[in-house]
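Trainee:
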Amino acid sequence: MDHAFLYQHTMRSEWGYGAMTESHEDRTTFKFDDGVVRTIKHGHLHLMVRVELDEPENSEVRKRISRPTKTAASAKAAAAKKRVAKPKVASTPISVGSSEQA
């Protein structure tokens, strides 16, 4: 793997594209354009594929990657905040008028 290329995880397309930031004996770290830094163990590197983008898109992705970093935990917390609970729907109809006279 090379630092100059962009990569994408084959099972996690929602992460976007990533650039390799570090490589160690047993793991490689990528910063993805969703702003999160993720470390992939070498046993799972086969899930990362190199991608080649046209120049305008390549520049945009690299700009997003260069933004401040989020941790995976903060990204999960932000995603949880975005989830909105659906309102419960009444199971029985609500009557608008009353049949009794006062």
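94 is the number that the numbering used here gives the last residue of the sequence shown; the numbers go up by one with no jumps.
The beta carbon of each residue, even a glycine, is placed where N, CA and C say it ideally should be.
Please report the distance separating the alpha-carbon of Glu14 from that of Arg30.
Mentor: Locating residue 14 in the sequence shown gives position 22, where the first residue counts as 1. Locating residue 30 in the sequence shown gives position 38, where the first residue counts as 1. Computed Cα separation, rounded: 10 Å.
Trainee: Going by CA-CA distance only, name the one from Leu39, Ala72, Phe22, His34 that's closest to Arg54.
Mentor: For the purposes of this step, residue 54 is taken as the residue at position 62 of the sequence shown. The candidate whose alpha carbon is nearest that of Arg54 is Phe22.
Trainee: In this structure, does DSSP put Gly35 in helix, strand or coil?
Mentor: Position 43 of the sequence shown holds residue 35. Taken through DSSP and simplified to helix, strand or coil, Gly35 comes out as helix.
Trainee: Unbroken beta strand (DSSP E) runs of length 3 or more, entirely within the segment -3 to 43: which are they?
Mentor: Segments of the beta strand (DSSP E) lying fully in the segment -3 to 43: -2 to 1, 9 to 15, 19 to 24, 29 to 33, 40 to 43.
Trainee: Nearest to Ala(-4) by alpha carbon, out of Val43, Pro60, Ala72?
Mentor: Counting from one through the sequence shown, the residue named residue -4 turns up at place 4. Scanning Val43, Pro60, Ala72 for the CA closest to the CA of Ala(-4) turns up Val43.
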